[in-house]
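Numbering (our numbering), first residue to last: 37 to 93.
Beta carbons: idealized from backbone N, C-alpha and C, even for Gly.
One structure is given here, and the rest of the page talks about it.
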Amino acid sequence: MENQPNRRDRVLLLALALAVAFPFLGSFGLLEPDEGRFAQIGREMAASGDYLVPRLN
């Protein structure tokens, strides 16, 4: 049973991953000119509830 990671190891790994990744969330803007358009299409699809037809208004 020593080879099987226990719950404490998983929690420590998750805490380490969050400590490394969390400070950088949102620090970068959109990198490509089209990314804003793609994000807006996704927002409008979620707002309308129609996930089959992409819309951009």
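For Glu-71, the enclosing alpha helix (DSSP H) stretches over residues 71 to 84.
If you look at Arg-91, you'll find it isn't in any alpha helix (DSSP H); DSSP assigns it neither H nor E. Counted as a single uninterrupted DSSP element, the stretch harbouring Leu-61 is not any alpha helix (DSSP H), since DSSP gives it neither H nor E.
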